[in-house]
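Let me begin by presenting the structure, written as structure tokens, before commenting on it.
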Amino acid sequence: MSAPLLAVRGLTLAYDRTDAVKGIDFDVHKGGVVTLIGANGAGKTTTLRAVSGLLKPRAGSIRFAGREIAGMAAHRIARLGVVQSPEGRQVFANMTIAENLAMGAYLESDRVAVAKRRDTVLARFPRLGERLSQSAGLLSGGEQQMLAMGRALMADPKLLLLDEPSMGLAPLFVEEIFNIVADLKREGRTILLVEQNARAALEIADYAYVIESGRITLRGPAREIAENSEVATAYLGM
Amino acid sequence: MTHALDNFLFTYQSLIYALGINSLLALSMYVVLAIGQLSLGQAAFMGLGAYASALLTAKFAIPFPLALIAAAAVPALLAFVIGAPTLRLSGVYLAIATIGVGEVLRIFYLNWDYAGGALGLNGIPEEAGFVWIFGVLAVALAGFAAIARSRIGRAMEAIRADEAAAGVMGVNLPVYKLAALVVSAAVAGVAGAFNAHVSSFIGPNEYGFDAAVTILSFALLGGIGSPFGPVLGALVLTALPEVLRPLHDYRLVINGLIIVCVVIFLPGGLLPWRLSRIGAPR
Chain A
1 MSAPLLAVRG LTLAYDRTDA VKGIDFDVHK GGVVTLIGAN GAGKTTTLRA VSGLLKPRAG
61 SIRFAGREIA GMAAHRIARL GVVQSPEGRQ VFANMTIAEN LAMGAYLESD RVAVAKRRDT
121 VLARFPRLGE RLSQSAGLLS GGEQQMLAMG RALMADPKLL LLDEPSMGLA PLFVEEIFNI
181 VADLKREGRT ILLVEQNARA ALEIADYAYV IESGRITLRG PAREIAENSE VATAYLGM
Chain B
239 MTHALDNFLF TYQSLIYALG INSLLALSMY VVLAIGQLSL GQAAFMGLGA YASALLTAKF
299 AIPFPLALIA AAAVPALLAF VIGAPTLRLS GVYLAIATIG VGEVLRIFYL NWDYAGGALG
359 LNGIPEEAGF VWIFGVLAVA LAGFAAIARS RIGRAMEAIR ADEAAAGVMG VNLPVYKLAA
419 LVVSAAVAGV AGAFNAHVSS FIGPNEYGFD AAVTILSFAL LGGIGSPFGP VLGALVLTAL
479 PEVLRPLHDY RLVINGLIIV CVVIFLPGGL LPWRLSRIGA PR
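Chains as they are written, first to last, in my numbering: chain A, 1 to 238; chain B, 239 to 520.
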């Protein structure tokens, strides 16, 4: 197997002085979808924030495409092609949908490339295309999630970090969001997906890690994890 | 009769100058607020520009245009120096740090005998006039409007909305923050130089905390959606005490009341609207 695109080793993260993540290891290979599942507060989002540069690790290494990125500033990590679609509704609420998408392509100066990406994103999220000049704050929760994902895709990321894309959404939207993630996977995008909705995440992912109170307690191909009896009881409600 | 007319014109003229100078100060505040930072050092930067330009012209007979460049450069340099360690600070912490800078400078002027100490500086040549003040204001306003409509303006608005999200999009936050503070200091310094060169006198207590809050109130009253908002705020708050002359002693009280009312009833300011971006796809 080739070297992983993202290799995390011994990652320790402190949040409010207590270790929220205690020395975890995981890999994401190119073209794969890897999911981190676990309960609320297990350290999933904290881990993602360290990968995108929003949180400086206390210890450990994060290597992306062979480069150490642990502790690097967020904008430099973005420049390398690691782009996070943030949790919940972190769109730029006062800016229009068109401008939110333009911000996603902030680092791309080639207008033709930006226009092409925008067409692709709008084809994927037709709802956004209908309302380009509206304020993002007027969108529903599900639509804002789509905009956050669309904005991240505008950067044409080498590694897409999805932070709880289904959080707080109506079931219909959850299904739609996961269909889109599945489409992205088919197109060969590399995705690190953090989710509380373990069932949906395990259906899509190739490989899964279960995080419990800051430690990885289980790892394996997503299908095997889904069949694991402990996971089934704890996360799938069986 | 002519004496009364002269008197009236004299008052009127200083008001017109104050309108232009305060508009520049409001723009200097706008640059910082536009990326979601809060600086209360604008008065200090203004004072630094005023002292730099006044000393150069009065003591060294440097031509006014050159002194004006120095009035922009000196506060910009200070902003650059204090910017680096304070970049990690945001919100109220940056505000407190910049208040500190203002106080340090005030005490420095008070004890700097060469610059007049507590008595201030007299006999500053009255070089700044209508053309200078409003010419620079027009250029600054046009420049900031152009920036607001560009890709840079979009990034600034994104930083203001959500710093973390903007960083993840690839926006270089330290560069934007430092540049905003430096540009803001330069503009405030130029305004300070104009102030010194229309009044012929400056003193160490003109650039304290009160002045900083007044400058902030210009921007908050006008709104920071576009650079036109703070300018409108400055015009209104500068003209208001003249309109409400009997209440003159209560100017700061009224300023405070207006800020409270605007925050409550007009959170976006008098001019909350944004400028559309150039080439922004519909």
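Quick reminder that beta carbons are idealized off the backbone N, C-alpha and C, glycines included. Since this is a predicted model, take the numbers as computed values, not measurements.
8 Å contact criterion, which residue 407(B) and residue 103(A) should meet: CB distance rounded | For a cut-off of 8 Å, the C-beta gap from residue 407(B) to residue 103(A) is around 5 Å, short enough to register as a contact.
Nearest to residue 380(B) by alpha carbon, out of 513(B), 456(B), 248(B)?
-> The shortest Cα separation from residue 380(B) among 513(B), 456(B), 248(B) belongs to 513(B).
Using a cut-off of 7 Å between C-beta atoms, extract the partners of residue 258(B) located in chain A.
-> Here the premise fails: no neighbours, minimum Cβ distance about 30 Å.
Under the DSSP definition of a beta bridge, which residues are partnered with residue 490(B)?
-> Under DSSP, no beta-bridge partner is assigned to residue 490(B).
Give the DSSP-derived three-state secondary structure of residue 315(B) in the structure shown.
-> Looking at residue 315(B) - three-state DSSP - the assignment turns out to be helix.
Below 7 Å CB to CB, which residues in the same chain sit around residue 470(B) once its five sequence neighbours on both sides are set aside?
-> Around residue 470(B): 460, 508, 509.
Between which two residues does the alpha helix (DSSP H) containing residue 412(B) stretch?
-> Counting along the chain, the alpha helix (DSSP H) containing residue 412(B) begins and ends at 411-437.
Please report the Cβ distance between residue 222(A) and residue 202(A), rounded to the nearest whole angstrom; I am assuming they are in contact, meaning their Cβ atoms lie under 8 Å.
-> Yes, they are in contact, since the Cβ atoms of residue 222(A) and residue 202(A) sit about 5 Å apart, within 8 Å.
Would you check if there are 3 or more beta carbon pairs closer than 8 Å linking the segment 418-429 of chain B to the segment 440-448 of chain B?
-> Taking 8 Å as the limit for Cβ pairs, the verdict is that the segment 440-448 of chain B does not touch the segment 418-429 of chain B.
May I ask you to list the residues that DSSP assigns as paired with residue 209(A)?
-> Assignment of beta-bridge partners to residue 209(A) by DSSP yields 36(A), 219(A).
In chain order, what residues of the segment 65-81 of chain A put their CB closer than 9 Å to some CB of chain B?
-> Cβ contacts with chain B: 73, 74, 75, 76, 77, 78, 79.
Residue nearest to residue 326(B) in terms of C-alpha spacing, selected from 503(B), 421(B), 414(B), 433(B) = Just measuring C-alpha positions, the residue of 503(B), 421(B), 414(B), 433(B) sitting nearest residue 326(B) is 414(B).
Could you tell me which residues DSSP pairs with residue 18(A) in its beta bridges?
-> Residue 18(A) pairs with 15(A).
What number of angstroms, rounded off, separates the C-alpha of residue 120(A) from the C-alpha of residue 83(A)?
-> Straight-line Cα distance between these residues: approximately 17 Å.
Interface residues of the segment 88-105 of chain A facing chain B [CB-CB below 7 Å] = Residues 90, 92, 93, 94, 95, 98, 99, 102, 103, 104.
Give me whichever residues DSSP pairs with residue 84(A) in a beta bridge.
-> Residue 84(A) is bridged to 161(A).
Let me know the secondary structure DSSP gives residue 195(A) once reduced to three states.
-> It is a strand residue.
Contact with chain A by residue 411(B), beta-carbon distance below 8 Å | When Cβ-Cβ separations below 8 Å define contact, residue 411(B) makes contact with chain A.
Apart from the five residues on each side of it in sequence, which residues of its chain come closer than 6 Å, Cβ to Cβ, to residue 234(A)?
-> Residues of the same chain with their beta carbon placed closer than 6 Å to that of residue 234(A) are lacking, with the five preceding and five following residues left out of the count.
Kindly list, in the order they appear in chain B, the residues whose Cβ is closer than 8 Å to that of residue 52(A).
-> Listed along chain B are 406, each with a C-beta nearer than 8 Å to that of residue 52(A).
Whose C-beta lies closer than 6 Å to the C-beta of residue 109(A) among residues of the same chain, with five residues either side of it excluded?
-> Correct list: empty, nothing qualifies.
Compile a chain-ordered list of the residues in the segment 341-366 of chain B whose CB is closer than 8 Å to at least one CB of chain A.
-> Here the close residues number zero.
What's the call for residue 466(B), buried or exposed, on a 16-neighbour Cβ count within 10 Å?
-> A buried status is given to residue 466(B), since no fewer than 16 other beta-carbon atoms sit within 10 Å of its beta-carbon.
Given 8 Å as the limit, is there contact between the segment 301-314 of chain B and the segment 344-356 of chain B, that is, 3 or more CB pairs closer than that?
-> No, because fewer than three Cβ pairs between the segment 301-314 of chain B and the segment 344-356 of chain B fall closer than 8 Å, the two stretches do not touch.
Mark residue 18(A) as exposed unless 16 or more other C-beta atoms lie within 10 angstroms of its C-beta, in which case mark it buried.
-> With fewer than 16 other Cβ atoms within 10 Å, it is exposed.
Under a CB-based cut-off of 8 Å, is residue 521(B) close to chain A?
-> It is not possible to answer for residue 521(B), since the shown part of chain B is limited to 239 through 520.
From the beta carbon of residue 456(B), is the nearest beta carbon of chain A less than 8 Å away?
-> Judged by the 8 Å Cβ criterion, residue 456(B) is not in contact with chain A.
Identify each residue in the segment 28-45 of chain A for which the Cβ-Cβ distance to at least one residue of chain B is less than 9 Å, and report them in chain order.
-> If the cut-off is 9 Å between Cβ atoms, the segment 28-45 of chain A has nothing near chain B.
Option nearest residue 156(A) by Cα separation, candidates 134(A), 25(A), 188(A) | Comparing Cα-Cα distances from residue 156(A) to each of 134(A), 25(A), 188(A), the minimum goes to 188(A).
The alpha helix (DSSP H) spanning residue 125(A) covers which residue range?
-> Element bounds for residue 125(A): n/a, residue is neither H nor E.
Residues bridged to residue 67(A) by DSSP?
-> Paired residues: 64(A).
Rounded to a whole number of angstroms, what is the C-alpha to C-alpha distance between residue 388(B) and residue 175(A)?
-> Distance between the alpha carbons of residue 388(B) and residue 175(A): 38 Å.
In chain order, what residues of the same chain lie with their CB nearer than 7 Å to the CB of residue 146(A), ignoring the 5 residues before and after it?
-> 125, 127, 128, listed in sequence order.
8 Å Cβ cutoff, residue 519(B) in contact with chain A | Confidence in residue 519(B) is poor, its pLDDT being 49 and thus under 50, which makes the residue's placement too unreliable to answer from.
With which residues is residue 177(A) paired in a DSSP beta bridge?
-> Bridge partners of residue 177(A): none, in fact.
Residue from 359(B), 383(B), 490(B), 378(B) with nearest C-alpha to residue 453(B) | The residue with the shortest Cα to Cα distance from residue 453(B) is 490(B).
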